[in-house]
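Heads up: the structure comes next, in structure tokens.
There are 4 protein chains.
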Amino acid sequence: MLLLPEDSKSVVEVRVRFNETDLMGIVHHASYLVYFEAARVEWLRRRGMNYASWASGGVHLPVVEAELKYMSPARFDDVLQIETAVTDLRRVSFRFVYRILLGDKCLATGSTKLACINDKHKIVPMSAAMAAALSAGENVAN
Amino acid sequence: MLLLPEDSKSVVEVRVRFNETDLMGIVHHASYLVYFEAARVEWLRRRGMNYASWASGGVHLPVVEAELKYMSPARFDDVLQIETAVTDLRRVSFRFVYRILLGDKCLATGSTKLACINDKHKIVPMSAAMAAALSAGENVAN
Amino acid sequence: MLLLPEDSKSVVEVRVRFNETDLMGIVHHASYLVYFEAARVEWLRRRGMNYASWASGGVHLPVVEAELKYMSPARFDDVLQIETAVTDLRRVSFRFVYRILLGDKCLATGSTKLACINDKHKIVPMSAAMAAALSAGENVAN
Amino acid sequence: MLLLPEDSKSVVEVRVRFNETDLMGIVHHASYLVYFEAARVEWLRRRGMNYASWASGGVHLPVVEAELKYMSPARFDDVLQIETAVTDLRRVSFRFVYRILLGDKCLATGSTKLACINDKHKIVPMSAAMAAALSAGENVAN
């Protein structure tokens, strides 16, 4: 079972939208990447990092690898808890790991490796401020 | 300017997700239909109506008409206020009207006409309970 | 019934993808805006206009109004015919109108009004070349 | 480098849609799961398997695992070649592997593990016909 590092973990809540389901009556598997993305934007915000202002300044954190395991379906209107944490912090990349829970039940796990790029889409080292924030716990910035 | 009936109005907040933008750097125009949908599900919930339980019971409210006007772009991470109200309540259909605000600024307006159908996709009259709830103000159910 | 101007009309084929459906088992209503968009990009291409090269040059045609009427559901894997034509051609804006057909059956109609903007998101007059192309029939460019 | 088994491979073409991009100006990473899905539906069709008729009959092949590696961005209007093949064929599950090419350049690779379920969302063995088709080359059915 995937274990998230406790000191890095934040829990972000997402309610499943109607359009995120498919004809199987469950959440479409691509929607989980969207939930992961929403969760990591919020994870960053809770540590004082505003991803939108980076993006408008040309600094991006594109996903370079993603892995997902689907254990049990999510359904329309479910309120999902997305546990999110950072691992594998390096000079130009790091990884977010995720667990999606509905109550006590783990529906899915996953990870995304992100690289830091500039406005010319070249990989660049993270700033010291970014690296520090990525190592911080949630309560540091609040 | 679109005026929403005050006694029917609810305001639902949505934060723009990264994937809802497009290469113009703004929210893609189809995303607004998704915001409208999220807003009306919440509108219904605040009046004691659980759309998910209807849907799992085979009662649906498909969109049969939609209209949108885009005045000013929304951007990634914006927290949008979606004003939502019901109008034109009839035996088998009604209309939701919407205004999307960012602070004081109205970014978009729209409406969706919904019909009531059963699990065989046939149009059917709304139940008395549904019609009553659709006429109710937000505070009635709380 | 919506009638498209014959001399402007192109027919673009789209196959419904699995993720475009929702838990009702039919195509989600927001997907039709995506089909319209795919159809007008192809409409432009058939008249010698490459929307991607405009976009990379900072010229955009954002949707400023949209209207949709849904008559009958589309389903996964359906091959839809999207009839597309230009109307209401003006100095800074014009309208695409659409009919979505499955065989002989019209499933939906709609229109989108587009404005011409520059890379600062300011409305600007269309170039003469663009205006000419928007008035052209499909076979002119081929 | 990911190598696809030649005797199982099909190549499916997908043109990038405007809405599949994001504010980075490139295709959003979740869109690749959608391309994979479109490719495997077409892969099945070329071997005489109609996934839509299975789905309407209650047999589904949900994704239970997915992996993606993103090497180089895809952009609006790119015509992508999606190489698709089956591996790891077992009694109740199998894997599709994918390479997304733009001309000679490999933009992304990935795989999805699918399980066979019935209309009660229970995992069931594949039918002999399905297993045979999954082992077949593209030209067998044509």
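Protein chains in written order, with the numbering used here: chain D, 2 to 143; chain S, 2 to 143; chain F, 2 to 143; chain E, 2 to 143. Even for Gly, the Cβ is constructed at its ideal location relative to N, Cα and C. Since this is a predicted model, take the numbers as computed values, not measurements.
Shown here, E:R100 sits in a strand according to DSSP, grouped into three states. L34, V35, E38, A39, V42, E43, R46, N51, Y52, A53, S54, A56, S57: these are the residues of the region 34–65 of chain S whose beta carbon lies less than 9 Å from some beta carbon of chain D, given in chain order.
Cβ-Cβ distances below 6 Å link D:A86 to L5, P6, S9, K10, V98 in the same chain, with the five nearest sequence neighbours on each side left out; the list follows chain order. Chain E places a beta carbon closer than 8 Å to that of D:K70, counting this residue as a contact. Residues of the region 10–36 of chain S that bring their beta carbon within less than 7 Å of a beta carbon in chain E comprise F19, N20, T22, D23, L24, G26, H29, A31, in sequence order. Secondary structure at F:A31: coil, using DSSP grouped into helix, strand and coil.
For F:E66, the CB contacts under 6 Å within the same chain, skipping 5 residues up- and downstream, are K114 in chain order.
Taking a contact as a CB-CB distance under 8 Å, the pair F:A53 and E:F95 does not count as one, their CB atoms being some 36 Å apart. If you draw a straight line from the Cα of S:G49 to the Cα of S:V15, it is about 20 Å long. Residue pairing of S:V42 in beta bridges, as defined by DSSP: absent, with no partner found. Among the residues facing chain S, F:A75 is not included, as its CB has no counterpart in that chain under 8 Å away.
Taking a contact to require three or more Cβ pairs closer than 8 Å, the region 32–41 of chain D and the region 34–46 of chain F do not qualify as touching.
With contacts defined by Cβ atoms closer than 8 Å, F:H30 and F:E21 do not form a contacting pair. Taking each of E:E43, E:A109, E:A75 in turn and checking the Cα distance to E:R18, the smallest one comes out for E:A75. Between F:G111 and F:L69, the CB-CB gap stays under 8 Å.
The beta carbon of E:I27 sits closer than 8 Å to those of P74, A75, R76, all from its chain and outside the five residues before and after it, given in chain order. In the three-state reduction of the DSSP assignment, E:S94 falls in the strand class. Per DSSP, S:A67 is one residue of the beta strand (DSSP E) stretching across 64–71.
By the beta-carbon neighbour count (other beta carbons within 10 angstroms, threshold 16), E:V93 is exposed. With contacts defined as CB atoms closer than 8 Å, E:M25 and D:H61 qualify as a contacting pair.
For E:L135, there is no enclosing beta strand (DSSP E); the residue is found in the alpha helix (DSSP H) stretching over 129–135. Against chain D, a Cβ distance below 9 Å from S:D120 picks out nothing, because the smallest value is about 12 Å.
For E:A75, the secondary structure class from DSSP, reduced to helix, strand or coil, is coil.
S:I101 and F:V12 have their C-alpha atoms roughly 34 Å apart.
The Cβ of F:D78 sits closer than 8 Å to at least one Cβ of chain E. Distance from the CA atom of F:K121 to the CA atom of S:N119, rounded to whole angstroms, is 48 Å.
Looking at the DSSP output, E:L115 sits in a beta bridge with E:V64, E:F95. For F:S11, there is no enclosing alpha helix (DSSP H); the residue is part of the beta strand (DSSP E) that begins and ends at 11–16. E:L90 is a Cβ neighbour of E:A132, given a cutoff of 8 Å. In summary, S:D23 is buried, with 16 or more beta-carbon neighbours lying within 10 Å of its beta-carbon over all protein chains present. Inter-residue distance for E:K106 and S:D79 is about 36 Å (C-alpha atoms, whole angstroms).
Not flagged as an interface residue toward chain D: E:A134, since no C-beta distance is shorter than 8 Å.
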